[in-house]
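Residue numbers (my numbering), protein chains in the order written: chain A, 2 to 507; chain B, 2 to 507.
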C-alpha cells in the first residue's frame, strides 16, 4: 500500500499542476484567439453504450440487429474497425476514458475500484475551457457518500442525471433503482440521482435521451460537452414489447445457421449466435436515442458544429464461466468472429464499435483500421476543440486527430491491457496481460505461465497461436510487456482467486 | 491379400456386366433417339490441373496469380466453393475421377497404387457411346510394361500423349522426361509417350495445349471427350522467364502483409503466403492453355455444344514435414485461409477449385456451396451426355447435374476421405479418416486416437475444435465414419510408418 499511496500523492500534485497549467495557458493558446476570428468551439456529444459488442450494429455486420440511425452516423463520419476499450470491463474502461490513462497505472481493478476526486478529468478540462458539461446515465466510478470518489457533478460535469456508484439498474423500466439481488444472492440498493421520479412504463434509454435533448436545446448558444452514458445494453435484458415482438418475428424469418449455439471457452462457454430478441430490442432503443439526438442537432442548426462520438466500454456479454453456467447468467450477444467477449482480453472483450463524426474534417462514409484506445479520447477531444493538451494528465492517451484527418499512418502502434482480477466463475476469463504491436498481439496468461501470440490481420479470431511458430517475435513482445507492467506498476494478483496476495509488478 | 483378390474378382465381374449393360442399353436409352430429334451429344473438355490449390485463381481470391481466361470461364459457368478431391494426393484422387469410387474401396493408397485394367472408366463409357476420346498429360495410374495397370490408351482413350507411370516430369521444358532424382537420392527414368521429340525451350503446358487444340480441330464433327491433365503446377517449379519476371515485379508492388511466412502444422510447417513468382508463372501458362482452348471452341463454332470442366486433383503444395523441412522441399503456394495443403485431410489438402460451364444449362456467373466430390464426375458426365448411369461401376459418385441446373438442395450431404499412408517426413501429414455431413466435419487421427470436429460454415479454416463442445455430434459422426470404413474395407495401417502391418478395417 505504501507505493499506492505515493501514487496518489503524485496524482494530487498532477491534479493541481495539470489543471493549473490548463487554465493558465488556455486563453492564450486557443486558435480562436490566435487567429483573430471568433470561431465557436465545437460541441461534443459523446455516447457511450454499456457492453455493446463489436458486431452489435448493422454497420458492423450484424444481420439481426437494426441500427439505421447509427448506420447513418457512420455514413456521415468515420467507422473504426480496430478501436479498443482500455479494459474488457466497465469500471477500468470508464476510468481510462475520463483520465486518459491505462487502468493498470492506477491499479484498477485490484488495488482500486473507482475514480478519485483528484484526477483531472476530460470533463474538467472542457469545463475550464468554458464548456457547458452534461452527464447522463451510468457512472460506476464513485463510492456512495465518499467525497474522495465522487459522482460526476464533482468530476467536471455541470449536470448529472443518473450517475452514481451503480453499475447497472434494477430495471430499465421505471422505477429504475431500488433493491437489486446480485448473482450471489446479496441485496444492494441502487440509487440513481435525478431519476427518482418518473412515469410507470417509462423506458430508461428514452428517459436519458429526453434529458440529453433538453440539455442540448437549452445550451444551443454555447459550446457543450454531452456525455450520454446509457445503462443499456447491460443486463438486466429488458426491452419495449413491440421491439421484442419485432425481433421474435424477424428471428423466425432469418435463415438458421448450422452453427453450434455455444462453444467451449476456457472453463466456460462462448455464445456463437446473435439470437436474443430482447437484446435486439434494447439496441433498437439505443438507435432511437441516436436518431433523436441527430434530429435535435439538425433542428437547432448545430449539425455542422457538433462532433459526435459513439462507442462502447467493452465487448458484448457472450461468455459464461463455472458458476454462471448453471443457468444464472443470461447471455446477450455474440462477438463472433471475434473470440470470447466481455471480461476477456481476446478481441471479443476489448474491441468495440467506434464512430466519429467531425463535420468538415472526417470524410463521410469512410472506415479505418487505425488502432485507437479508450485512453485516447481525452487528448483527441482536447485537440479537436483546439485546446492545449495536458500530457501529465492523459499520460497514456494519444490524440487520433491525424487519423480523423485521414492520416492513418500516424495512428497508435502499441497498446496494452492488463486484467489482474479475472472472473472464472462469472464471464469465465482468467488473469492476463496483453501487448499489441501493429498486427501482433501477445497474451500473457501469467497465472498459468502461458503465452499466446496472434497476428490479427491474418487471424482476427485469435485461433492460430504463433508462439511456437515465431519465438523471436513472442519473446520481443513479452519483454516489452514486462517492461510496461513494471513502468506502470501493474497490480499482479498472486495465488488463487480469492486468496490473492496483492503486489505490484517488479 | 485374400480379401483384396476377391475384390478384384468382383471388379472383373463388374467390368464385364457394367460395360455390357452400358453398351446394351445405350442405343435404346439415349434422349437423342427417344425424342426423335437427332441432337448431337455434347463435347467435353475436362481440364485437370496437378496440385492447383483452392485459392490459386484470381476468381478464388488470389491477389498474386492472374487467371483472366479461367475467370472468364467462371463468368460463363458455375464456380463451386466447396468442391473436393476424393483424396489429398494425386493417385487416389485420379483413381476416383476415372472410376467414380472412393479410393478407400480399392485400398489406394496402401494396398494398391494404380488403376487396374478391369475397371470400367468414364473414358471407356464415353468411348462405347461413340465419343472420340483424348488424353494428354499426367496419368500416374499405370505400372510400366504391366498390362494389368495400363496406360490411358488401354483405359478408354483413343489418344494418349504423355500419360504414363510418371507422377511428375523431370523438367517442364523440353526434354520433359529423362532421369529424375528423387528426394531420397534414388534415380528413376521418366518416359512420356508421344513427347519424346520436341524443340529446345518448348514448354510442356503449351505443348499439351497444342496437342489438345489439334485434336479438337480434327474432331470438330463428332462428339469428343478431351481429358487434358496438365503436369503443371506440380513440382519441379519452372515457368517461362517473361512470366517469372512479371511476377517478380508484381510482388515488389503488392503490399507486404504482416503475416508470418510459415506457421507450425503438426510435425512441420505450413506456408502462409502466395509469394512464389515461378509458381505464379506456371499458373499463368495454365491460364493461357484455357484461353486457347476456349478460343478454339469459339472459332470452330463448338462453344455452345461443349461442356468445360476445370478442376484440380488435390490442394496446393504448402506444407512440409520433418525431413523435407531441411531445405529439400520447395513450397509452391498457400491455401490459407484453408488449413494446411496437399497431403492433409484439412480443407487445404482436399478442397479444390471447380468450374463447370454447361452451355444452356448452367447460369453464367453464379457460384454454389454444394458439396461435390471427385468421384461424382463420372455419373455427372454420363448424365450430362444423356447416357445411362452405371451404378455398379461409379459406386460412390453422385451426379451433380441437379446442382448444375440450379437445384443446390439436391446436392451431396455426406462425403468421406481416408488417408492411411501419411507422409510426416514429406508433407507433414499423418494417417486420418474424415467424414463430412453438411457443415460438420470429423477428423479421426486414428493413429493418435484423437478426434477433431469442425463446423465449416462457421470456421472454414478448421481452428475451432468442437469435439468437446458437441460430444453428441462428434460421436454420431464417428459412428458413421467407422461404419463406412468397414463397408468399404478401408486399409488401416497399424504400427509405425514403414513397419506397418497391413489390414482392412473391421
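Beta carbons: idealized from backbone N, C-alpha and C, even for Gly.
Because the structure is a prediction, the values reported are computed rather than measured.
Extent of the continuous beta strand (DSSP E) run through residue i
| i | result |
| --- | --- |
| residue 188(A) | 188-191 |
| residue 350(B) | Per DSSP, residue 350(B) belongs to no beta strand (DSSP E); it is in the alpha helix (DSSP H), 348-351. |
| residue 107(A) | It is not in any beta strand (DSSP E) - residue 107(A) instead sits in the alpha helix (DSSP H) that spans 104-107. |
| residue 270(A) | 269-272 |
| residue 433(A) | 433-438 |
| residue 402(A) | Here residue 402(A) belongs to no beta strand (DSSP E); instead the alpha helix (DSSP H) covers 402-405. |
| residue 80(A) | 79-85 |
| residue 223(B) | Where residue 223(B) is concerned, there is no enclosing beta strand (DSSP E), given that its DSSP letter is neither H nor E. |
| residue 161(A) | 160-162 |
Spatial neighbours of residue i in its chain, beta-carbon cut-off 8 Å, leaving aside the 5 residues before and after
| i | result |
| --- | --- |
| residue 453(B) | 443, 444, 446, 463, 466, 468 |
| residue 238(A) | 277, 279, 280, 283, 331, 333 |
| residue 161(B) | 136, 137, 140, 152, 153, 154, 194, 195 |
Other residues of its chain near residue i: CB distance less than 6 Å, five sequence neighbours each side excluded
| i | result |
| --- | --- |
| residue 202(A) | none |
| residue 458(B) | 440 |
| residue 388(B) | 130 |
| residue 29(B) | For residue 29(B), the predicted model reports a pLDDT of 36, less than 50, meaning its position is unreliable; a value from the coordinates is still stated below. Cβ within range, chain order: n/a, list empty. |
| residue 437(A) | 416 |
| residue 158(B) | 124, 134, 136 |
Chain A residues whose Cβ lies nearer than 7 Å to that of residue i
| i | result |
| --- | --- |
| residue 458(B) | 258, 259, 260 |
Cross-chain neighbours of residue i in chain B, by beta carbon under 7 Å
| i | result |
| --- | --- |
| residue 99(A) | Those do not exist, as residue 99(A) stays about 33 Å from chain B at its closest Cβ, beyond 7 Å. |
| residue 465(A) | 264, 464 |
Cross-chain neighbours of residue i in chain B, by beta carbon under 8 Å
| i | result |
| --- | --- |
| residue 469(A) | 265 |
| residue 273(A) | 459 |
Spatial neighbours of residue i in its chain, beta-carbon cut-off 7 Å, leaving aside the 5 residues before and after
| i | result |
| --- | --- |
| residue 103(B) | 87, 97, 376, 397, 417, 489 |
| residue 362(A) | 405, 406 |
| residue 189(B) | 181, 183 |
| residue 456(B) | 440, 441, 467 |
| residue 61(A) | 55, 354 |
Where residue i falls: helix, strand or coil (DSSP)
| i | result |
| --- | --- |
| residue 94(A) | helix |
| residue 300(A) | helix |
| residue 377(A) | helix |
| residue 142(A) | coil |
| residue 71(B) | helix |
| residue 209(A) | helix |
| residue 282(A) | helix |
| residue 263(A) | strand |
| residue 38(B) | Confidence is the limiting factor: at residue 38(B) the pLDDT is only 45, short of 50, which leaves the residue's position unreliable and the question unanswerable from this model. |
| residue 454(B) | strand |
| residue 461(B) | coil |
| residue 416(B) | strand |
| residue 290(A) | helix |
| residue 410(A) | helix |
| residue 31(A) | In this prediction, residue 31(A) has a pLDDT of 40, which is less than 50 and means its spatial position is unreliable; nothing more can be read from the coordinates. |
| residue 306(B) | helix |
| residue 46(A) | strand |
| residue 61(A) | helix |
| residue 368(A) | strand |
| residue 174(A) | strand |
| residue 383(A) | helix |
| residue 136(B) | strand |
Cβ-Cβ separation, residue j to residue i (assumed contact under 8 Å), whole Å
| i | j | result |
| --- | --- | --- |
| residue 205(B) | residue 232(B) | 6 Å |
| residue 1(A) | residue 318(A) | Given a span of 2 to 507 for chain A in the structure shown, any question on residue 1(A) remains unanswerable. |
| residue 382(B) | residue 123(B) | 6 Å |
| residue 286(A) | residue 207(A) | 7 Å |
| residue 335(A) | residue 257(A) | Actually they do not touch by this definition, with Cβ atoms about 15 Å apart. |
Host alpha helix (DSSP H) of residue i (start-end)
| i | result |
| --- | --- |
| residue 250(A) | 242-254 |
| residue 391(A) | Taken as a continuous stretch (DSSP letters only), residue 391(A) belongs to no alpha helix (DSSP H), as it is neither H nor E. |
| residue 489(A) | 472-489 |
| residue 124(B) | 123-129 |
Interface residues of chain A facing residue i [CB-CB closer than 9 Å]
| i | result |
| --- | --- |
| residue 222(B) | Here the premise fails: no neighbours, minimum Cβ distance about 49 Å. |
| residue 440(B) | 258, 259, 260 |
is_contact[residue i, chain E] using C-beta, thresh 9 Å
| i | result |
| --- | --- |
| residue 337(A) | Within the model displayed, chain E is absent; protein chains A and B are what it includes. |
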